[in-house]
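Contents: one structure, followed by commentary.
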Amino acid sequence: LEFVQVMVPSGSAWESSAAFFAKPKELKTRCEAGYDTVRFVPRAVLHDWGFEEGSQAQVLAHEHVPPRAWNGDAFKDWTLSLLATPGRTWQDIVNQAKGCKSVIPTTAATANQLRLATGHF
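Residue numbers (this note's numbering): 299 to 419.
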């Protein structure tokens, strides 16, 4: 697995957890500015995408169903792609590399747990 820079474009996000969990549901969103983050991506996937080591190419994140989480970096059901190469969900990519069927946690807070589990620091 490699840490790669991932660009998240601007988009609609839930205003707050209260708005998300409200009953009845009322769509209260805010515009969230785009930002850069990092994700683990298997070397084999990067190779399949034509990513060359030392390259500065940026992986793009695409949300499956907006609005996104109110608290930032939740990547559940997001796809990653490099330039015009179609991608798969981040969870599917990492789970395939680990030979897992379960979904690996997707928040930024779990990056340390993933590093410990894979031995990549």
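For each residue, glycine too, the CB sits at the ideal point set by N, CA and C. Computed from a prediction, not measured in an experiment: that's the story for all the values here.
* To do: Give the DSSP-derived three-state secondary structure of Ala363 in the structure shown.
  => Reading the sequence shown from its first residue, position 65 is the one you call residue 363. Residue identity check: residue 363 is Val in the sequence provided, not Ala. Per DSSP, reduced to three states, the secondary structure at Val363 is coil, with no helix or strand assignment.
* From Pro364 to Ala311, what distance separates their C-alpha atoms? -> Start at 1 with the first residue of the sequence shown, and residue 364 comes out as number 66. Start at 1 with the first residue of the sequence shown, and residue 311 comes out as number 13. One C-alpha to the other measures close to 7 Å.
* Per DSSP, Trp347 is paired with what? -> Taking the first residue of the sequence shown as position 1, residue 347 is located at position 49. Answer is none; Trp347 lacks a bridge partner.
* Asked: Just the Cα atoms here: how many angstroms apart are Ala342 and Gly309?
  -> If you number the sequence shown from 1, residue 342 lands on position 44. If you number the sequence shown from 1, residue 309 lands on position 11. In a straight line, the C-alpha of Ala342 is about 30 Å away from that of Gly309.
* To do: Would you please state the rounded distance, in angstroms, between the beta carbons of Gln389 and Val336? I believe it to be under 8 Å.
  => As a position in the sequence shown, residue 389 is number 91, starting the count at 1. As a position in the sequence shown, residue 336 is number 38, starting the count at 1. 16 Å between Cβ atoms; not a contact.
* So, are the CB atoms of Trp368 and Phe319 less than 8 Å apart? -> Translated into positions along the sequence shown, residue 368 becomes position 70. Translated into positions along the sequence shown, residue 319 becomes position 21. Going by beta carbons, Trp368 and Phe319 fall outside the 8 Å limit.
* Could you give the C-beta distance for Ala359 and Leu378, rounded to a whole number, given that I count them as a contact under 8 Å? -> Here the question's residue 359 lines up with position 61 in the sequence shown. Here the question's residue 378 lines up with position 80 in the sequence shown. With a Cβ gap of about 6 Å, Ala359 and Leu378 count as contacting.
* Asked: Would DSSP call Phe271 helix, strand or coil?
  -> This structure does not reach residue 271, given that the chain is present from 299 up to 419, and the question cannot be answered.
* Of all Cβ atoms in chain C, is any one closer than 8 Å to the Cβ of Ile391? -> Looking at the structure shown, chain C is missing, and only one protein chain is on hand.
* **Minimum C-alpha distance to Pro340 - residue among Cys329, Glu300, Glu330** => One-based indexing of the sequence shown puts residue 340 at position 42. Nearest to Pro340 by alpha-carbon distance, out of Cys329, Glu300, Glu330, is Glu300.
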